[in-house]
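Colleague:
2 protein chains.
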Amino acid sequence: MHKLLLLTKNRDREAYLAYLKSAALPDLEITTSFDSNIDLVFGEPTLIREMLPQLSKLVWVQSSWAGVEPLLEPGLRRDYMLTNARGVFGGLMSEFVFGYLLLYERKILQRLAAQKESRWDPSLTGTLRGKKIGVLGVGSIGSHLAETATHFGMVVRGYTRASETCPFIDSYYHEPDLSDFASGLDVLVNTLPNTPRTKKIINSELLAAMRQGGIFINVGRGSAINEGDLIAALTHGHLACAVLDVFEQEPLPPEHPFWKTDNLFITSHTSAPSFPEDIARLFLENYLNWINGRKLNFQVNFESGY
Amino acid sequence: MHKLLLLTKNRDREAYLAYLKSAALPDLEITTSFDSNIDLVFGEPTLIREMLPQLSKLVWVQSSWAGVEPLLEPGLRRDYMLTNARGVFGGLMSEFVFGYLLLYERKILQRLAAQKESRWDPSLTGTLRGKKIGVLGVGSIGSHLAETATHFGMVVRGYTRASETCPFIDSYYHEPDLSDFASGLDVLVNTLPNTPRTKKIINSELLAAMRQGGIFINVGRGSAINEGDLIAALTHGHLACAVLDVFEQEPLPPEHPFWKTDNLFITSHTSAPSFPEDIARLFLENYLNWINGRKLNFQVNFESGY
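Chains S and L, in that order, are what the protein sequence lines are.
All letters in the first sequence, in the order written, are residues 1 to 306 by this note's numbering.
All letters in the second sequence, in the order written, are residues 1001 to 1306 by this note's numbering.
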């Protein structure tokens, strides 16, 4: 018999319990509070981190988030298997990224302003078609973005460490060809996880390589950005706009200059929520892998951080 | 030798001339003003209508728009071949429709309001995935919308007169099953042309069949809507919002109640502009069809109106 601790926000707890119970997983008892027999934890990294020291029988942690930084902090135990959520966020990220790209290209805010004045505004719209988008990081999220971009007729570049398996990338770039990758881009989207290699990868040099009037979107991690460089690129008009969903410090402090930077959209880490339906399905499949001795999906390497 | 009259807005004239001249079409002289030898006109229906009576040698008119109503008015001559622009608007219409759907689902305006107050807003976002969209009219535009909807994981219904050739429609409906088609829809998009059969097809009965809190988007023609019924559905909250790009009278008069209707977005007939690059290419191909005795693409039937 295994014992599962479910650690999620209050708003999601009932939904997760309903999904887990309806699956009637074999050999599994489920609890939402500490118990000395717990060998399996499923939930949010911030909540799990607090419990880690007490869980003497811990074997496996399934994160309900993609990002597991809270569990990678120095000094925390690493004597268990850690798996994260992957493969379920691509569609949500595409909705987010293309929602904002279309907001800009199709002048939605400008047309709203005209409407407030009862003013017919037949000014020409832009289009995504033919524009160049660069995706930093081509995992499951970057691949979905590439597919959506291709659907809208964009030219797609991908920057990865090595793999070249996504059919929707028109041209691949690898280290150290970062500025070739960025050269002349209309749109740059960062999907990279937070690792030592990705810190401040978006800086003045990279942004300067983009086309004048381009758009930058960050759905990866806040640590990937040099904040001062981004503000300068927006303030000087080299970038038309930027959309930031993630930040080095979350919630973003009220005094942070980002709040008042023109042409910057702040979205409070809402780009790809972990919907219980998706994450529960992912856990159920992984639980069956576990009890049947198969390899777990989406295992995180504590060293590389993803 | 053929003589082509190019009749477009000033802002587009140079672009069209450049495309036409660079193609070096055989046996073709191009002019932008009246001449008694003109046998071919390419341009905007409203401008062409004014010239029609004078063009004694007219054989063929290629419209740069999809909508050719100005040339179908009673009393106008019909002794020439009329072709319209098709097949180039699908991508632009998808950008438009999904731009507004994502604006709504992803709470973009709500997050902008929070940002104005320097307020972190982690409220859950919606998603298009799993939602039901119904496309009224499955021509090249409706088919592209269906493909985009499928890409975003939506369930897609199509309402057509007969054909069932689009692979991205999950279920087809035909006359008289309009209320079955609309039943429980989250999103309804009208792409139908203006014909006697499509007038006021969107009325209180059809809207009432949709899910409470649904979205209606009109990129077809303004005549398809019963305006009072739509305002009532928005005012009473049955619809969450509506997006109207086309109107019975354009420009929409400043005193029209649509301007002040809550949750209504007005976009001034900008959803799918005729970009010279697209339309010129379409004309060039059709010109080669013409002089080589092949059937013209996209010929309009003066009786059915499309």
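The beta carbon of each residue, even a glycine, is placed where N, CA and C say it ideally should be.
If you're wondering where the values come from, they're calculated on a predicted model, not measured in any experiment.
What first and last residue would you give for the beta strand (DSSP E) that runs through Leu1040 of chain L?
Modeller: 1040-1043
Colleague: For Gly91 of chain S, go through chain L and note every residue whose CB falls closer than 9 Å to its CB, in chain order.
Modeller: Thr1127, Leu1128, Arg1129, His1151, Phe1152, Gly1153
Colleague: Is any heavy atom in the ligand FMN found nearer than 7 Å to the beta carbon of Thr1083 of chain L?
Modeller: Only the bare structure without any ligand can be found here, which leaves the ligand FMN out of the picture.
Colleague: For His1002 of chain L, count the other beta carbons within 10 Å of its own beta carbon; 16 or more makes it buried, fewer makes it exposed. Which is it?
Modeller: buried
Colleague: So which residues on chain L does Lys121 of chain S lean against when the C-beta distance must stay under 7 Å?
Modeller: One point to set straight first is that residue 121 of chain S is Asp, not Lys, in the sequence displayed. Those within 7 Å of Asp121 of chain S in chain L are Ser1268.
Colleague: What is the rounded straight-line gap between the Cα of Leu1192 of chain L and the Cα of Asp229 of chain S?
Modeller: A direct Cα-Cα distance of roughly 48 Å separates Leu1192 of chain L from Asp229 of chain S.
Colleague: Determine the closest residue to Pro1122 of chain L out of L:Gln1212, L:Gln1062, L:Ile1108, L:Val1088, with distance taken between C-alpha atoms.
Modeller: L:Ile1108
Colleague: Taking Cβ-Cβ distances shorter than 8 Å, what residues in chain L pair up with Leu54 of chain S?
Modeller: The amino acid at residue 54 of chain S is misidentified as Leu; the sequence shows Gln. Those within 8 Å of Gln54 of chain S in chain L number zero; the least Cβ separation is about 28 Å.
Colleague: What does DSSP give as the partner residues of Ile201 of chain S in its beta bridges?
Modeller: Note: Ile201 of chain S sits in no beta bridge, so no partner.
Colleague: If we define contact as Cβ-Cβ less than 8 Å, is Gln115 of chain S a contact residue for chain L?
Modeller: yes
Colleague: Looking at C-alpha atoms only, which residue of L:Gly1067, L:Leu1207, L:Gln1062 is the closest neighbour of Leu1288 of chain L?
Modeller: L:Gln1062
Colleague: How would you list, in chain order, the residues of chain L whose beta-carbon sits under 7 Å from the beta-carbon of Ser143 of chain S?
Modeller: Those within 7 Å of Ser143 of chain S in chain L number zero; the least Cβ separation is about 13 Å.
Colleague: Run through DSSP, which three-state label would Arg157 of chain S get?
Modeller: strand
Colleague: Give every residue of the same chain whose Cβ lies closer than 6 Å to the Cβ of Phe1247 of chain L, excluding the five residues on either side of it in the sequence, and list them in chain order.
Modeller: Gly1222
Colleague: What residues in its chain sit with their C-beta under 8 Å from that of Thr1031 of chain L, if we drop five residues either side in the sequence?
Modeller: Lys1003, Leu1004, Leu1005, Leu1006, Ile1038
Colleague: Which partner residues does Met1081 of chain L have in the DSSP bridge list?
Modeller: L:Trp1060
Colleague: Would you mind working out which of L:Arg1281, L:Thr1270, L:Phe1265, L:Leu1282 sits nearest Gln115 of chain S, comparing C-alpha positions?
Modeller: L:Phe1265
Colleague: Is there at least one Cβ from chain S nearer than 8 Å to Gly1043 of chain L's Cβ?
Modeller: no
Colleague: To the nearest angstrom, report how far apart Asn190 of chain S and Asn301 of chain S are at their CA atoms.
Modeller: Answer to the nearest angstrom: the Cα atoms are 21 Å apart.
Colleague: Give the DSSP bridge partners of Phe1003 of chain L, in chain order.
Modeller: Checking the displayed sequence, the identity of residue 1003 of chain L turns out to be Lys instead of Phe. In DSSP, Lys1003 of chain L forms a bridge with L:Glu1029.
Colleague: For the stretch 1100-1113 of chain L, list every residue whose C-beta sits within 9 Å of some C-beta in chain S, in sequence order.
Modeller: Tyr1100, Leu1101, Leu1102, Leu1103, Glu1105, Arg1106, Lys1107, Ile1108, Leu1109, Arg1111, Leu1112
Colleague: Where do the N-terminal and C-terminal ends of the alpha helix (DSSP H) with Lys131 of chain S fall, by residue?
Modeller: Per DSSP, Lys131 of chain S belongs to no alpha helix (DSSP H) and is neither H nor E.
Colleague: Does the beta-carbon distance from Met1154 of chain L to Leu1128 of chain L come in below 8 Å?
Modeller: yes
Colleague: Mind pulling the chain S residues with CB within less than 7 Å of Trp1259 of chain L?
Modeller: The contact set of Trp1259 of chain L on chain S, defined by CB atoms closer than 7 Å, consists of Gln115, Ser118 in chain order.
Colleague: Give, in chain order, every residue of the stretch 234-258 of chain S whose Cβ lies closer than 7 Å to some Cβ of chain L.
Modeller: Listed by position, the residues of the stretch 234-258 of chain S near chain L (Cβ gap below 7 Å) are Pro251, Leu252, Pro254.
Colleague: Where does Ala1242 of chain L fall in DSSP's three states?
Modeller: strand
Colleague: According to the neighbour-count rule (16 or more other Cβ atoms, all chains shown, within 10 Å of its Cβ), is Ile1202 of chain L buried or exposed?
Modeller: buried
Colleague: On a Cα-Cα basis, can you pick out the residue from L:Glu1073, L:Thr1083, L:Ser1064, L:Ile1133 that is closest to Ser1094 of chain L?
Modeller: L:Ile1133
Colleague: Return yes when the Cβ of Val68 of chain S is within less than 8 Å of the Cβ of Pro45 of chain S, no when it is not.
Modeller: yes
Colleague: Could you check what DSSP says for Tyr16 of chain S in three-state terms: helix, strand or coil?
Modeller: helix
Colleague: Is it the case that the stretch 270-286 of chain S contacts the stretch 81-94 of chain S, given that we only count it when at least three CB pairs across the two stretches are under 8 Å?
Modeller: These segments touch.
Colleague: Report the start-end ranges of each beta strand (DSSP E) in the stretch 1248-1296 of chain L that is 3 residues or longer and not cut off at the edges.
Modeller: List check, beta strand (DSSP E) in window: 1264-1266.
Colleague: Return the CA-CA distance between Thr270 of chain S and Val187 of chain S, expressed in angstroms with no decimal places.
Modeller: 20 Å
Colleague: Go ahead and pull the three-state DSSP assignment for Leu1188 of chain L.
Modeller: strand
Colleague: According to DSSP, simplified to helix, strand and coil, what is Val68 of chain S?
Modeller: In this structure, Val68 of chain S counts as coil in the three-state DSSP scheme.
Colleague: At a CB-CB cut-off below 9 Å, which residues of chain S make contact with Ala1096 of chain L?
Modeller: It is Phe, not Ala, that sits at residue 1096 of chain L in the sequence shown. What Phe1096 of chain L touches in chain S: Leu102, Arg106, Thr125.
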